[in-house]
Amino acid sequence: MLNVAIKIDELENNKTLSNEILTALYEQKLLKVFVPDILGGLGKNLIDGLKIFRQMGQLDGNIGWAVTIGSGGNMFLPLFQHDVGKIYFEPENAVISGSGKPNGTAHKVEGGYIVSGSWRYCSGADYGTTFTMNTINEENGEIVTCSVKRGDVTIIQDWQAIGLKATASHTIQLENVFVKDTEIFQFDQIQNNYNLPVHTFPFLTFSESSFFSLVIGMAHNVLTKQQKALNEKFNEEHSRYQIVSEKIQQAQTIVDQIEVAFDAEIETLWQQHTQLQIDEQLVSEFSQFCQTASSELLSELQLLMRYFGMEAVLETSELSYSWRNFCTASQHAFLTP
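All residue numbers for the sequence shown refer to numbering that gives the first Met the number 0, where the first residue is 0 and numbers rise by one.
Following this line, the structure appears as structure tokens:
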């Protein structure tokens with residue numbers, strides 16, 4: 000789907016996606032998976048979108064994260080007034096970056112709010128065109144969800160993690176920025192007709208399924224790199240090769256089984272959603288499944304990494320790169336116990 004050169008050393012050293020990769024993502028609308036065609040998006044339903052996230056994660060962790068986070072921001076499209084939504088989402092390079100953790104302050108003034116504060120882990124900060132953040136109303140302590148243009152934010156390039164180094168998940172700062180009332184949005188208020196069926200799917204479940212589908216793809220990527228490292232180190236007749244290869248196949252079977260179970264559960268929830276009768280008990284069970292299965296994937300791959308010696312820990316190896324990306328992604332709050 001994405002025919003680009005993935006240069007690990009550049010991604011790790013530059014700590015951002017290359018212009019070649021970004022251009023390909025824009026051209027193939029992979030940061031607008033859940034934006035309707037009328038605004039230049041792919042207009043996918045949830046199930047097809049999750050497949051894209053998985054494919055991108057299997058291709059490369061940094062790219063997969065960018066696609067998942069970027070298209071995740073598409074969920075905000077119906078929450079803006081028509082003209083604002085069009086301005087934010089119609090450009091080919093439109094990307095929402097931001098943070099959901101409440102921080103900073105919002106002071107009410109005529110026509111909007113004066114907002115100040117800082118927000119960490121804003122993935123895609125290097126190329127985000129619109130930034131969203133949850134702020135705290137000074138008057139009553141309530142959450143005010145804001146959106147601002149790129150020119151309003153100061154980006155502090157402080158993302159330092161063992162993996163996903165090219166996701167540009169930096170801190171952003173606002174200092175006395177005026178945010179219009181039309182740039183404020185609430186999750187329960189649809190304000191335009193751009194919405195797709197996916198936009199009313201429960202947001203927490205959407206996020207859990209998005210990240211878990213990505214992580215499944217990244218798990219496949221790790222297994223592929225493990226097999227490649229094994230092939231390069233040992234002849235197929237070598238006893239060590241046979242032992243480790245068998246363990247890789249066993250892990251592959253487990254990953255495949257988890258993938259099948261995930262697909263079945265999210266398909267059920269999606270069908271219920273389209274029929275307007277989603278079962279809250281199944282929603283709760285699905286959340287638990289994502290957390291438990293993420294831990295199982297991590298444990299299985301960690302056991303396998305023990306067989307690869309220094310190849311597993313050298314930052315310059317493809318295997319280490321893939322493994323560190325997987326570990327970092329699986330630490331997302333939606334997937335941890």
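Beta carbons are placed, not taken as given, at the ideal position from N, Cα and C, and that holds for glycine.
- Looking at the DSSP output, Gly72 shares a beta bridge with no other residue.
- At least 8 Å separates the beta-carbon of Glu174 from that of Ser96.
- In the DSSP assignment, Ile113 forms a beta bridge with His106, Phe177.
- Here the alpha carbons of Glu295 and His169 stand approximately 29 Å from one another.
- Counting only residues of its own chain and dropping the five nearest sequence neighbours on each side, Trp118 has a CB closer than 6 Å to the CB of Ser98, Asn102, Met132, Ile171.
- In terms of Cβ geometry, Ile247 and Leu297 do not form a close pair [threshold 8 Å].
- Shown here for Gly56: same chain residues with a beta carbon closer than 6 Å to its own, the five before and five after excluded, namely Gly63, Leu213, Gly216, Met217 in chain order.
- For Ile95, the beta-bridge partners assigned by DSSP are Thr129.
- C-alpha of Asn44 to C-alpha of Phe33: approximately 7 Å in a straight line.
- Residue pairing by DSSP places Cys145 opposite Met132, Ile183 in a beta bridge.
- Distance from the CA of Glu19 to the CA of Phe79, rounded to the nearest whole angstrom, comes to 31 Å.
- In this structure, Tyr193 lies near Leu76, with their beta-carbon atoms less than 8 Å apart.
- Excluding sequence positions up to five before and after Gly72, its CB lies within less than 6 Å of the CB of Ile95, all in the same chain and listed in chain order.
- For Glu26, the closest alpha carbon among the candidates Leu16, Gly39, Pro35 is that of Gly39.
- One alpha carbon belongs to Val66, the other to Phe333, and they sit about 17 Å apart.
- Within the same chain, Ser319 come within 7 Å of Leu313 by CB-CB distance, once the 5 residues on both sides are set aside.
- His331 carries a coil assignment under DSSP once its states are collapsed to helix, strand and coil.
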